[in-house]
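The sequence shown begins at 13 in the numbering used here and counts up by one.
Where a beta carbon is used, it is the ideal one built from N, C-alpha and C, also for glycine.
Quantities reported herein were computed from a predicted structural model and do not represent experimental measurements.
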Amino acid sequence: NSGLVPNKPDTTDLMKNVRIAQQMYQRKFQGSGAPLTPKVTANAGDKQVRVAWDSEAEKSRDVLTGKENFEGYKIYRSDDLGKTWGTPVTDSYGNVIGYKPIKIFDLIDGIKGPDPAFNQSLGDDTGLKHGYVDERLINGVEYWYCVTSYTKGNQKSDSLEQSYQSALGHSTMQSNTVSVVPGVNAQNYITPKYYDPQSNT
């Protein structure tokens, strides 16, 4: 006998899962979720893109409490057709769990900084906006933009719950994802005019 004490199994994750399962049972398997997904449009310019979105997500309410749970918007850019959305964010094991947004607009309400329940940012109390101009882009390159909305989460240590975010796009058919190619019009370009014989114009 070497006198070594065998390693005890780490039950931290197991107990966390048990608590989550108990909470889900108590809530009749309904949980908090992301706010409504924004509807996004974009316009291209010379080495820049202007992205705009609606404010419907700001009316979102938590399924369980009925309280407003919207906190802000996160803007992401992809240059590989939505396969990745910028700088990866990883968990403690190095697994990609999300991406760092290029911009965050959030309510001025004291909820800011890193989310204590999940590796993501809750913003910096910048105030809400519904448009963003992304500059210093390369003309002729196709960029995808995705705007997500996210919740406040719960930062209280007795009932810690992460902030939830609407899904990142994987297709430009989704309302919060657009494809844009910045550039300039050719010299001497004239917008075509179409003749409608029924209107005599």
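Nearest-angstrom Cβ-Cβ length linking residue i and residue j, presumed shorter than 8 Å
| i | j | result |
| --- | --- | --- |
| residue 175 | residue 163 | 5 Å |
| residue 88 | residue 98 | 6 Å |
| residue 54 | residue 153 | Rounded, the Cβ-Cβ distance is 14 Å, inconsistent with contact. |
| residue 75 | residue 44 | 7 Å |
| residue 50 | residue 72 | Residue 50 to residue 72, Cβ: 11 Å. No contact. |
| residue 118 | residue 138 | 6 Å |
Alpha-carbon to alpha-carbon, residue j and residue i
| i | j | result |
| --- | --- | --- |
| residue 79 | residue 68 | 15 Å |
| residue 193 | residue 61 | 8 Å |
| residue 24 | residue 33 | 14 Å |
| residue 188 | residue 103 | 26 Å |
| residue 160 | residue 113 | 10 Å |
| residue 22 | residue 165 | 27 Å |
| residue 37 | residue 196 | 57 Å |
| residue 70 | residue 27 | 35 Å |
| residue 205 | residue 77 | 55 Å |
| residue 148 | residue 177 | 27 Å |
Extent of the continuous beta strand (DSSP E) run through residue i
| i | result |
| --- | --- |
| residue 126 | No beta strand (DSSP E) contains residue 126, which DSSP labels as neither H nor E. |
| residue 50 | Premise fails: residue 50 is in no beta strand (DSSP E) and is neither H nor E. |
| residue 87 | 82 to 90 |
| residue 60 | 60 to 65 |
Residue i, DSSP secondary structure in three states
| i | result |
| --- | --- |
| residue 193 | coil |
| residue 160 | strand |
| residue 112 | coil |
| residue 24 | helix |
| residue 73 | strand |
| residue 198 | coil |
Whether residue i touches residue j by CB criterion (9 Å)
| i | j | result |
| --- | --- | --- |
| residue 151 | residue 58 | yes |
| residue 136 | residue 167 | no |
| residue 65 | residue 182 | no |
| residue 133 | residue 109 | no |
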